[in-house]
Structure formats: C-alpha cells, structure tokens
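Undergrad: So the sequence shown is numbered by my numbering: it starts at 927 and just counts up by one.
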Amino acid sequence: MLKANTKKVISILIPLTLAIFAGCSGPEEKRANSLNDAAQQRAAGDETAALATLETLAQAYPNDPEIIRKIGDIHHELGNTSEAAFYLSAAYSLAPGDVELLYQTYRAQENANQSAAAYDLLEALFAVEPDAINAELWLRLGEFRAQAQQTQPALDAYLKGIDPENSTPAAETAVAIGTLFKQLDNLPQAERWLSIAANSDDPNALPALFGLLEIHLRNKNWTAAETAITQLDQQFPGAVDASEWANARGELERWRSAQVAMQAELAKTKATKEAAAKLAASTSAEAAATDLTIIDADEATSGKAQIIVDMERAEAMANTPALEAESASSAAAIIFDPNIAIEPAEPALTYDQQSEGATTDYSVGTSDLNDTIAPDVVITTSEAALEAAPAIRPTLTPRSLEQLLADAESASMEHDYKQAIQLYWQALGRANARADIWNQLSLAYRLDGQAKNAETTALEATRLAPQEIDYTLDYLRVIQRTKKPEDFLAELETAYDRFPRSPEIALSLARGYERISGNNSSAILLYERFIQLAPNHPLRNEAEAAITRLR
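(1) Helix, strand or coil for residue 1101? Go by DSSP, reduced to three states.
(2) Between 1067, 1142 and 1368, which lies nearest to residue 1387 when the distance is taken from Cα to Cα?
(3) My guess is that residue 1051 and residue 1066 are in contact by the Cβ rule of under 8 angstroms, so how many angstroms apart are they, rounded?
(4) Would the segment 1416-1429 and the segment 1388-1408 be scored as touching if the rule is three or more Cβ pairs under 8 angstroms?
(5) For residue 1205, count the other beta carbons within 10 Å of its own beta carbon; 16 or more makes it buried, fewer makes it exposed. Which is it?
(6) Would you identify the three-state DSSP class for residue 876, choosing helix, strand or coil?
(7) Can at least three beta-carbon pairs, one atom from the segment 1437-1444 and one from the segment 1422-1429, be found at a separation below 8 angstroms?
(8) Residue 1434: buried (16+ other C-beta within 10 angstroms of its C-beta) or exposed?
(9) So which of 990, 997, 957 and 986 has the shortest CA-CA distance to residue 975?
(10) Which stretch, first to last residue, makes up the alpha helix (DSSP H) that contains residue 1159?
(11) Use the C-beta contact count for residue 1478: other C-beta atoms within 10 angstroms, 16 or more gives buried, fewer gives exposed.
(12) With distance defined between alpha-carbon atoms, name the residue in 1379, 1053, 1057 and 1086 nearest to residue 1068.
(13) Quick one: what does DSSP say residue 1465 is sitting in, helix, strand or coil?
(14) Buried or exposed for residue 930, going by 16 or more other Cβ atoms inside 10 Å?
(15) For residue 1271, which residues from the same chain have a beta carbon less than 8 angstroms from its beta carbon, with the 5 sequence-adjacent residues on both sides left out?
(16) If you reduce the DSSP assignment to three classes, tell me which class residue 1414 lands in.
(17) From residue 1095 to residue 1070, what distance separates their C-alpha atoms?
(18) Who are the Cβ neighbours of residue 1175 in its own chain at under 8 angstroms, not counting the five residues just before and after it?
(19) Could you give the first and the last residue of the continuous alpha helix (DSSP H) run that contains residue 1166?
(20) Compare the beta carbon distance of residue 1004 and residue 1017 with 8 angstroms and say whether it is the shorter of the two.
(21) Go through its chain and collect everything with a Cβ distance to residue 1143's Cβ below 7 angstroms, but skip five positions before and after it.
(22) Please list the segments of the alpha helix (DSSP H) lying wholly inside the segment 970-1031, counting only runs of 4 or more residues, in order along the chain.
(23) Residues in its own chain within less than 6 angstroms of residue 1126 by CB, not counting five upstream and five downstream?
(24) For the ligand COA, is there a heavy atom less than 7 angstroms away from the beta-carbon of residue 1002?
(25) Excluding five sequence neighbours on each side, which residues of the same chain lie with their C-beta closer than 8 angstroms to the C-beta of residue 1407?
(26) Rounded to a whole number of angstroms, what is the C-alpha to C-alpha distance between residue 1132 and residue 1117?
(27) Determine, using beta carbons only, whether residue 1109 and residue 1149 come nearer to each other than 8 angstroms.
(28) With a CB to CB cut of under 6 angstroms and the five nearest residues on each side skipped, what residues in its chain are close to residue 1469?
(29) Assuming residue 1064 is part of the alpha helix (DSSP H), what are its boundary residues?
(30) For the alpha helix (DSSP H) containing residue 1171, name the first residue and the last one.
(31) Just checking: is the beta-carbon of residue 1132 within a distance shorter than 8 angstroms of some beta-carbon in chain D?
(32) Could you check where the alpha helix (DSSP H) with residue 1052 kicks off and where it finishes?
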C-alpha cells in the first residue's frame, strides 16, 4: 500500500517540478533562446521566419539595440533599404558609442538615399574615429561638405582622399577640387585641377571646360579662352551657345579680328623698314662711288702724276675739319645729371575692362605680344617702335624653381609685391606642396594689403606643415585683421592647444582673454605661463603689469 502511494506521489511531483523549472526560467534565458532560434532560421535561409521571431521578441524588449539591429540586418539582406535604415538608426540611437553600428547605420542611410542623415552620420564617424575614414569616405565627406557650401572643409576632405603623386584622380574628383579652388579664388590651382578633367573623355569634361573658360576670361587670357571654346564645340556641340558664356564667343571673335589686323599691320611695318634699309644702303653705296676720283687714262701712264694725286688727296683728308658738334641746346640735353632718377623702361599696363562694359580692352603685357593685341594700338614705323620686339623671347630658358623664388624674394625686398605674388604662384605651379612657398606668398599678400588672400594662403601653409609654429604665428597675424574677435580668440585657443610651450601664443591668448572675453582669471594664468616660458622676454613687464592690474 505504501509502495503504491509513493509511486503516485512521484508521478505527481515530476510534472510539477518541470512546470516550476519552466516558470523559473528568466527573461534573459528566453531572450537568448529567441535570438538563437532566429539565428538558426537565418542560417536555414528562412529570413521571413527569423524576422517574425525577432519582431515578436522586440515587443517584449523594445529598447534592446541588439534585437533592433538584427531586424535591420535582415531588412538589409531582403533589400528593404528604407526599413534597414530605420531600424539601424533606432539601434544606433540606443547605443551611440558603438562605432561599428555607426558605420553600418551610415551605409544603410546611403543605400536608402537619405543623404542628409548619411552626412550627419559620416561627420559623427569622423568626429569619434577619424582613422576609420578611408579614401572613399574622405571623398564622400568632401562631396557632402561642398553641397553644404563648406568650401574650405570640403577641399580639405577631398585632398585627403586622393594621392596625386601615385595615381591620377578621377575626372569627377578633379572637377570638384578645381571648382572649390575657384570658389576660394585660387585660380592657378583651380586651372591645374580642372585641366585634368578637361583633357579626358569623361562627361565631367564639360563642367571642367566651362570652369577653365571662366578662369581664362577673368584673366583676359584670350588665346586660352578661344582654345577652351574650340574644345567645347568639338566635344559638346551647342553647349556654349546654350550656356551663360554664349556672349563670350562674340567677344573672342572681335579679339581675333583685331589680332589679324594687327598682324597685317606688323607685317606691313616690317616690310617698310626693310625697304627703307635697302634704300639707305643703296644711297650710301652711290655716294661712295661718286667720291671716287676717276683717274684720266693719260695720267695713269705716269707714275709720278699718280703719286702727286695720291699725296694731294691725303693732304686734303688731313685738313678736312671734323663733323660739326651738336648745338648747345642738344648738348645740354644729354649732360649727365646724377639727380635724375632712371625711370622704369616699361609703364604698368592695365588689365581692367572699361567701366561701361560696352567694349573689351585687349591690352596685355609685352610678354604676351604674340598672342594678344590691343585694337586701338597705333602702329608707327619708327625705329624705337620696331625695337620693342625683344619682349618676345620664345627661346629663353625657363627659370628654375630656385631662380623663381630668388626673384620673388628680390621683388619683395624692392616692395614690388604684385610681382612677387606672381612669381610665387609660378613657383607653386611646380611645387604646390611646399609650405614655405605658401607662407611667403601669404606674406606678400599681407604686405600688398590683400588680407583675404593672405589668410587663405597662410591657412594652406599651416595645413601642409601643421607642426611648424612659425607658419601658425603668421596665420594668427593675418586673421587678427580678418576674423571677428570671438573667432580670432577661438583660433588662439586652438593654436595654444597645439603649441602649449610657445610664449608668443601664450601671451596672445592672455591678451585675448583679457580684451575680448573679459576672462581675467584665465588671462592671469596665461600671463603667468608666458613669464614661466620666457622669463627674459622683452615683454615680461607687460605681463607682470597685467597680472597686477587684473588681480
């Protein structure tokens, strides 16, 4: 009887125990089991069943980023780009520190053509993990920034995404970089990058050629502008006439007609000069022949008579007076006077169009005489006018980079800053990665009063050589005059973070805190830091007086 009752109790307890254990299984175990089931369903290729399992699980765990992320992954595999972007964005908002999830979410937004969201995510990725940005992402970031009209940041991103020394960038990239340089008024660099795309069969050659045409017209380089239009007509017929540059064709045709007329006049002048030279030579020969004494045939038989004639001729030549001196007034005009300064041999020529804009002045410097002409030039046959030809020297050897830099430095020392600027740009055309040339160009711009150009070129020098403190100091000197006080103070703080041991930057930041933000406590600390860094500095008295005044 007892044995039978024991069996009955055991049979009751076993199901009860199993039920108790089943009821005691925790939520984490249920979550893990469901995730495992979904994984097995995906492995078996049943994405729909896996999605249903995860969506049911998400109802129980609505704020679980792992579950939501897996739902987004399945939608991505199913080609549901919008759903994938939605779920992955939701997962990232719950786990913002997950860099891998951040990148995955960015890709999902790109696939869903959600450009604004993708841009924000890519900027976030750059902020938290800049080393994760590869060349492809740099180019995409540059494109996003350009669309947001962040010109300089966009250019910085594009330049980090290319390696021009080892490979030629794509035409699309070259156009983008050239356009950004053009927007920054860096026309030599813009022309260089646009030319890469213009000389290709890529469709991006069209915007590249239009960009080059704009640059050539702004520089009044008529020959190059004419070449650009010819290339546009060949590669993209009708594009010029349908664009904003349709009027440029007529302007260039007027220039070409003026050039043809000038060449004809030059040829006529040359022929006139040659004819005059031949006539002068012929007249001289006839005069010399007339002066010869014709010896009579009878006298020629007498040697004595011939000797007498020769002696008389020699005596006459000896007694002949020299040519009369110039008049007193002419002599006075060429007397050396050390007080008279030597003026420049060639006046400065203007490149500005007429104020009314009705016609175009095609005047250029003598170095471009072969290619460009002025319609209103009066051609003369004088010797001086024809001697101006030495300005055309096609056989001259191009100056080396070192010679260009030396000439630019000499021009700066002579206060000819515009000439120095031109020479520095020529040097950058050969070595645009040299920060020292950019820095010298910035200095020339600053001395010439072109503050904005000085800022742009100084910034390029600091970008190429971020650890060179002298370039940073020069940049700060420029932006002190171009930026708002609060923006200048922010730049000083950035510079101090990079160069905490620079007494010059420490003193400048101390002045900024005192005079711009009124942050006296920080100013005192920076003045003290300045004294610590340079105890023998000539401006120590200023720092000590400021500390006393602010306390």
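Beta carbons: idealized from backbone N, C-alpha and C, even for Gly. None of these values were measured; they are calculated from a predicted model.
TA: This is what the structure holds:
(1) helix
(2) 1368
(3) About 11 angstroms separates the two Cβ atoms, so there is no contact after all.
(4) yes
(5) exposed
(6) For the chain, the structure presents residues 927 to 1477; residue 876 sits outside this window and is missing.
(7) Between the segment 1437-1444 and the segment 1422-1429 there are fewer than three C-beta pairs closer than 8 angstroms, too few to call the two in contact.
(8) Taking all protein chains in view, the Cβ of residue 1434 is crowded by 16 or more other Cβ atoms within 10 Å, so the residue is classified as buried.
(9) When C-alpha distances from residue 975 are compared across 990, 997, 957 and 986, the shortest belongs to 997.
(10) 1148-1161
(11) Since the displayed the chain opens at 927 and closes at 1477, residue 1478 lies outside it and no answer follows.
(12) It is 1086.
(13) Note: residue 1465 maps to coil in three-state DSSP.
(14) Confidence at residue 930 is low in this model, with a pLDDT of 48, below 50, so its placement is unreliable and no value can be given for it.
(15) In this prediction, residue 1271 scores a pLDDT of 30, lower than 50, which makes its location untrustworthy; no coordinate-derived value is stated.
(16) helix
(17) 18 angstroms
(18) 1155, 1166 and 1167
(19) Unbroken run through residue 1166: none, as it is neither H nor E.
(20) no
(21) 1151 and 1174
(22) 973-986, 991-1003 and 1007-1020
(23) 1097
(24) Of ligands this structure carries none, so the ligand COA is not represented either.
(25) 1377
(26) Going by the C-alpha atoms only, they are around 14 angstroms apart.
(27) no
(28) 1453, 1456 and 1457
(29) Residues 1061-1073.
(30) Premise fails: residue 1171 is in no alpha helix (DSSP H) and is neither H nor E.
(31) Among the chains in the structure shown there is no chain D, since it carries only a single protein chain.
(32) 1041-1054
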